[in-house]
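Colleague: This is the structure I want to talk about, given as structure tokens.
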Amino acid sequence: MGQVLATVQDKFQGKQWRQRQLRKITDKVFDHFKADTGKEHLVFEDLYIAILLVYNDINKHIPGPHNDPPSKAEAKVMMETFDFNQDGVLDREEFYDFIQKLTSDTLTLVSRNLIIALVVAPAMALMTKRATEGVPGVGKVVQKMPNAIYASLITLGVVLVQNMSDASD
């Protein structure tokens, strides 16, 4: 139970939590290439493969819709922007800054979806529970249902609708 509470607490810390998660992902990917090549930098070909790996991890570990990586042309332009020492390769910190900029919109979208799913939907469910009293057949069932179960069912419905709308985009 303590681990669950610690995880929930981490998720509500917002920006710091996202930065730690992104740092873990970028370090893991950078270390993968360092082990293969023995070099402390990424050339463009390795960088694009790294981008694909990062987006794969984001899609696996961070809740929300599938996020597509940028095209090679977009990545090339961004690489030139984040190659601060202009040596044609990215070191670990340049790579972290690159991925942070690249994924900022993705992480903002994920955060918004989490807030809706974890805060807004349950609150709205509890506020609307009383409104169902007058609905024939449904009102009595809803009123007998415990608040926690009702809020969970409504939240699940909101998440499903969110996922369906994200999948259609």
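Everything in the sequence shown is counted per our numbering, starting at 32 for the first residue and increasing by one.
Just so it is clear, CB atoms sit at the ideal spot from N, CA and C, and this is done for glycine as well.
1. Between the segment 159-167 and the segment 113-126, do three or more beta carbon pairs fall short of 8 Å?
2. Determine the direct distance from the alpha carbon of Leu157 to that of Tyr181, and round the result to whole angstroms.
3. Note down the Cα distance separating Val189 from Ala152, rounded to an integer number of angstroms.
4. What distance in whole Å lies between the Cβ atoms of Thr186 and Ile130, which are believed to be in contact at a cut-off of 8 Å?
5. Do Leu83 and Leu121 have their C-beta atoms within less than 7 Å of each other?
6. With DSSP as the reference, identify every bridge partner of Leu121, one or two as the case may be.
7. Let me make sure I understand the geometry here. Which of Asp118, Tyr79, Trp48 and Val192 has the alpha-carbon closest to that of Ala104?
8. With the cut-off set at 7 Å, would you say Phe61 and Arg123 are in Cβ contact?
9. Starting from Thr57, trace the alpha helix (DSSP H) both ways and give me its first and last residue.
10. Assuming Pro101 and Leu133 make a contact with CB atoms under 8 Å, what is their CB distance in whole Å?
11. Can you round the beta-carbon distance between Ile150 and Lys160 to whole angstroms, since I take them to be within the 8 Å contact cut?
Modeller: The structure says:
1. no
2. In the sequence shown, the residue the question calls residue 181 occupies position 150. In the sequence shown, the residue the question calls residue 157 occupies position 126. The straight-line gap from Cα to Cα measures roughly 8 Å.
3. Taking the sequence shown and counting its residues from 1, one reaches residue 189 at position 158. Taking the sequence shown and counting its residues from 1, one reaches residue 152 at position 121. For Val189 and Ala152, the distance between alpha carbons rounds to 7 Å.
4. Looking up residue 130 in the sequence shown gives position 99. Looking up residue 186 in the sequence shown gives position 155. Rounded to the nearest angstrom, the Cβ distance from Ile130 to Thr186 is 31 Å, too far for a contact under 8 Å.
5. Position 52 of the sequence shown holds residue 83. Position 90 of the sequence shown holds residue 121. Their beta carbons are not under 7 Å apart, which means Leu83 does not touch Leu121 by this criterion.
6. As a working note, residue 121 is residue 90 in the sequence shown. Answer is Leu73, bridged to Leu121.
7. Along the sequence shown, one-based indexing puts residue 104 at 73. The residue with the shortest Cα to Cα distance from Ala104 is Tyr79.
8. Within the sequence shown, the letter at position 30 stands for residue 61. Within the sequence shown, the letter at position 92 stands for residue 123. Taking the C-beta atoms as reference points, Arg123 is found nearer than 7 Å to Phe61.
9. Taking the first residue of the sequence shown as 1, we reach residue 57 at position 26. Looking at the DSSP string, the run of the alpha helix (DSSP H) that includes Thr57 is Lys46 to Thr68.
10. The residue labelled residue 101 in the question sits at position 70 within the sequence shown. The residue labelled residue 133 in the question sits at position 102 within the sequence shown. With a contact defined as Cβ atoms closer than 8 Å, Pro101 and Leu133 qualify at about 7 Å.
11. Residue numbering aside, residue 150 sits at position 119 when the sequence shown is read from its first letter. Residue numbering aside, residue 160 sits at position 129 when the sequence shown is read from its first letter. The question names Ile, but residue 150 in the sequence shown is Val. That pair is no contact at about 17 Å.
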